[in-house]
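Peer 1:
Residue numbers (full-length UniProt numbering), protein chains in the order written: chain C, 1 to 97; chain W, 1 to 102; chain V, 1 to 119.
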């Protein structure tokens, strides 16, 4: 694998996640879910443990009569959460709240 | 193997497993394997009304692949230890990659 | 994997072998049966399998025979609560001895039939 050096810099995608350890991150999951929380652990599958997490779920329902789209946002909070990596779509480090 | 080790330290602790189909099961973690399959004891199903068939189940095996979240108690988790373990695991991965490519 | 890993709560279905289990599938169906075999992919073989159809709080078991369920489709394997033969025998005796057996049976029969693996 070219370009892999044992330095502290960014050479491959997971290095970006490593630099986000103990920082606030935004994690988008499948099914219109998004998490914001502090990243405490992750592995190569992007399984993660996040602390002080807020989950936002967006659902869109179509009114049968008016065909209007009704968008509802649901928020949940978890003090400590393990997230299975197979639902992760993207991770964005270093958000400010 | 990082999370396999993490969950092994959580055996006996109360966890809440949320599945990808929104079924949510609370109980005591009995065991875990390398696929992160888990066995949960003394389960209670949140929203049991919509899942009455699970009322007859006390202990169950949950396939790791159907899990969305596992809610943990912060007191059961040492975050500094986790972060160190994550960095250590990454270093080992890189070393393995390097020796494989050279 | 060394032996120590296995000591800390080994996660296998071995404890459920030859017991009645309910396998919830990813498509929402539930199969009950006696667990006769399993492997590392959570493929499972169920003997005397039946699909458990649940409608609100009632259920019915539709017999299916012997089933091999591919692990991928398995969501959850639940150990069904066993009623010991002892308990059934005690319930039977109580039923016999009771002078009001006939009237009582109406109350008992349903739970007796169902308690094998439900509620």
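Virtual Cβ for every residue (Gly too), placed ideally from N, Cα, C.
Since the structure is predicted, the reported quantities are computational estimates derived from the model, not experimental observations.
To the nearest angstrom, report how far apart residue 35 of chain C and residue 27 of chain C are at their CA atoms.
Peer 2: In a straight line, the C-alpha of residue 35 of chain C is about 5 Å away from that of residue 27 of chain C.
Peer 1: Using a Cβ-Cβ distance under 8 Å, would residue 3 of chain W count as near chain V?
Peer 2: Taking Cβ atoms only, chain V never reaches closer than 8 Å to residue 3 of chain W, which makes this a no.
Peer 1: Rounded to a whole number of angstroms, what is the C-alpha to C-alpha distance between residue 63 of chain C and residue 75 of chain V?
Peer 2: If I take the Cα positions, the gap works out to 33 Å.
Peer 1: Could you tell me if residue 73 of chain W is buried or exposed, where buried requires 16 or more neighbouring beta carbons within 10 angstroms of its beta carbon?
Peer 2: Residue 73 of chain W comes out exposed.
Peer 1: From residue 76 of chain C to residue 99 of chain W, what does the alpha carbon distance come to, in whole angstroms?
Peer 2: Going by the C-alpha atoms only, they are around 44 Å apart.
Peer 1: Chain W partners of residue 26 of chain V, CB-CB under 8 Å?
Peer 2: Correct list: 21 and 66.
Peer 1: Quick one: any contact between the stretch 83-92 of chain W and the stretch 39-55 of chain V, if contact means 3 or more CB pairs under 8 Å?
Peer 2: Cβ pair count under 8 Å is below three, so no.
Peer 1: Check whether chain W comes within 8 Å of residue 70 of chain V, counting only Cβ atoms and requiring the distance to be less than that.
Peer 2: No, residue 70 of chain V lies away from the interface with chain W (no Cβ there is under 8 Å from its Cβ).
Peer 1: Tell me whether residue 17 of chain V is buried or exposed, calling it buried when 16 or more other Cβ atoms sit within 10 Å of its Cβ.
Peer 2: Residue 17 of chain V is exposed by the Cβ-count criterion.
Peer 1: For residue 79 of chain W, report the span of its alpha helix (DSSP H) as first-last.
Peer 2: Residues 79-101.
Peer 1: For residue 43 of chain C, which residues in chain W fall below 7 Å Cβ to Cβ?
Peer 2: The contacting residues are 2, 3 and 89.
Peer 1: Take the Cβ of residue 12 of chain W as the centre, count every other Cβ of all protein chains shown within 10 Å, and call the residue buried at 16 or more, exposed below.
Peer 2: So residue 12 of chain W counts as exposed.
Peer 1: Just the C-alpha distance for residue 90 of chain W and residue 43 of chain C, rounded to the nearest angstrom, thanks.
Peer 2: When rounded, the distance between both Cα atoms is 8 Å.
Peer 1: Could you give the DSSP three-state label for residue 42 of chain W: helix, strand or coil?
Peer 2: Note: residue 42 of chain W maps to strand in three-state DSSP.
Peer 1: Using a 10 Å radius around the Cβ and a threshold of 16 neighbouring Cβ atoms, would you call residue 6 of chain V buried or exposed?
Peer 2: Only weak support is given to the placement of residue 6 of chain V: the predicted model assigns it a pLDDT of 47, under 50, and the value that follows is read from those uncertain coordinates. So residue 6 of chain V ends up on the exposed side.
Peer 1: Please classify residue 67 of chain C: is it buried, with 16 or more other beta-carbons within 10 angstroms of its beta-carbon, or exposed?
Peer 2: So residue 67 of chain C counts as exposed.
Peer 1: Step through the CB atoms of chain W and report whether any lies within less than 8 Å of the CB of residue 88 of chain C.
Peer 2: No, its Cβ sits nowhere closer than 8 Å to a Cβ of chain W.
Peer 1: DSSP state of residue 42 of chain V, grouped into three classes?
Peer 2: Residue 42 of chain V falls in the coil class under three-state DSSP.
Peer 1: Select from V:15, V:25, V:63 and V:55 the residue whose C-alpha is nearest the C-alpha of residue 71 of chain V.
Peer 2: Closest option to residue 71 of chain V, Cα to Cα, is V:25.
Peer 1: Identify the residues that DSSP records as bridge partners of residue 56 of chain V: which are they?
Peer 2: The partner list for residue 56 of chain V (beta bridge, DSSP) is empty, contrary to what the question assumes.
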